[in-house]
Amino acid sequence: MRDMETAKVTISSQKIKESKLTPINDNFLKTQDIVIYTIYLTEFYDLQSELLKLLNEKEIKKARRFYKDIDKKQFITYRAILKYILAAYAKIDVKNIHFGVSLNNKPFLISHPWLHFNISHSKDFAVIAISLKKVGIDIEYMSEDFDYTELLPDIFDYEEILSIENSNDKKHAFYTAWTRKESFVKALGKGIDEDFKYIPCSDGQHNINLTLLKNNENWQIVSFNLKFDYVGSIAFEELAAITHNIKFQKIPNNLHEIKNMTRLGNK
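Note that my numbering has the sequence shown beginning at 106, numbered continuously upward.
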């Protein structure tokens with residue numbers, strides 16, 4: 106009988122440093138680079154009228170459908186900043202940023218499909234991951250009010266549940282494990298379905314069935330801590346013999362600095 110075909114998934118935690126904010130230029134993004142832009146959303150609520158100008162008609166309609174005003178403001182903020190960042194990497198005007206959707210409902214930049222990105226937001230934070238390889242990111246606010254215990258059997262296998270329950274910080278262990286699974290399915294372009302439970306989330310190297318992945322790439326998942334009780338994970342294609350360079354860059358809370366960072370001037 107033929108052995109089941111598998112791919113490798115390597116999972117770890119890492120302390121990711123925030124690097125000095127530098128302009129995006131021709132040599133900014135290399136094959137091994139992954140940049141995670143962090144956005145403290147509340148800092149941008151006074152800039153809504155300016156940010157709204159960057160959204161197209163479809164995006165404006167989506168913003169207006171949000172029931173809560175805070176959800177509307179957050180969507181406008183991270184969507185506009187995403188378009189600024191992608192325009193800088195693609196060297197095109199922000200108004201020429203147009204998104205398509207893959208067969209797996211994952212958005213991509215129509216003009217530059219090789220430029221991979223993913224967004225996650227939770228409470229007051231948003232992050233945007235940019236890479237030259239497939240990438241998925243998830244962050245979560247570790248809420249004191251959320252009782253996750255009833256969810257454990259639906260999300261994790263026996264050993265994973267045991268690891269969470271035996272942890273010195275059960276809440277942190279749960280959210281870390283969750284973001285590992287979530288970032289991976291986002292990188293794959295999958296939704297949270299019946300396969301979610303079978304996505305590995307423990308430290309180490311795992312073999313995973315190719316029928317679950319729907320591709321034959323190897324992957325890495327790296328977990329990290331953010332400020333103010335947030336945790337996250339990022340999943341990306343693993344390229345052999347390459348040391349990955351993952352870094353944080355904080356988005357400044359004024360448009361002048363954002364334009365300087367993205368070298369978009371007054372566009």
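Quick reminder that beta carbons are idealized off the backbone N, C-alpha and C, glycines included. Computed from a predicted model, the values in this text were never measured in an experiment.
Where the alpha helix (DSSP H) containing residue i begins and where it ends
i, result
"L237", "Neither: L237 is in no alpha helix (DSSP H) and is coded neither H nor E."
"Y194", "174 to 195"
"N312", "N312 -> not in any alpha helix (DSSP H); beta strand (DSSP E) instead, spanning 309 to 314."
"I121", "Careful: I121 lies outside any alpha helix (DSSP H) and carries neither H nor E."
"C160", "Residue 160 is actually Leu in this sequence, not Cys. L160 -> no alpha helix (DSSP H), and no H or E assigned at all."
"E362", "360 to 367"
Paired residues, beta bridge with residue i - DSSP
i, result
"H221", "S236"
"L214", "F204"
"Y145", "F230"
"F329", "G337"
"N350", "D138"
"K166", "K166 is not bridged to any residue."
"V114", "H311, W324"
"K355", "T143"
"E342", "W324"
Buried or exposed (CB count within 10 angstroms, at least 16 for buried), residue i
i, result
"G294", "buried"
"R107", "Note that R107 scores 40 on pLDDT, short of 50, meaning its location in the model is unreliable and no value can be drawn from it."
"H221", "buried"
"Q325", "buried"
"G370", "Low per-residue confidence applies at G370: pLDDT is 45, beneath 50, and the placement is therefore not dependable, though the value from the model is reported in the following sentence. G370 comes out exposed."
"H361", "exposed"
"T373", "The structure shown does not extend to residue 373, since the chain spans only 106 to 372, so no value can be given for it."
"P305", "buried"
"S225", "buried"
"L187", "buried"
"V327", "buried"
"L208", "exposed"
"K163", "exposed"
Segment limits, beta strand (DSSP E) that includes residue i
i, result
"N323", "Taken as a continuous stretch (DSSP letters only), N323 belongs to no beta strand (DSSP E), as it is neither H nor E."
*Touch check for the stretch 238 to 249 and the stretch 185 to 202: three-plus C-beta pairs under 8 Å?*
no
*At a cut of 8 Å, does the stretch 138 to 157 reach the stretch 172 to 191 through at least three beta carbon pairs?*
yes
*Could you say if the stretch 271 to 285 and the stretch 329 to 346 meet the contact criterion of at least three C-beta pairs nearer than 8 Å?*
yes
*asked:* Whether or not the stretch 299 to 315 and the stretch 110 to 126 are in contact is what I'm after, with contact meaning three or more pairs of Cβ atoms, one per stretch, closer than 8 Å; do they touch?
replied: yes
*Counting pairs of beta carbons, one from the stretch 249 to 259 and one from the stretch 215 to 223, are three or more of them closer than 8 Å?*
no
*Secondary structure, beta strand (DSSP E): runs of 3+ residues fully inside the stretch 228 to 290*: 230 to 236, 240 to 246
_Touching by the beta-carbon criterion (3+ pairs, under 8 Å), the stretch 126 to 144 and the stretch 353 to 363_ = yes
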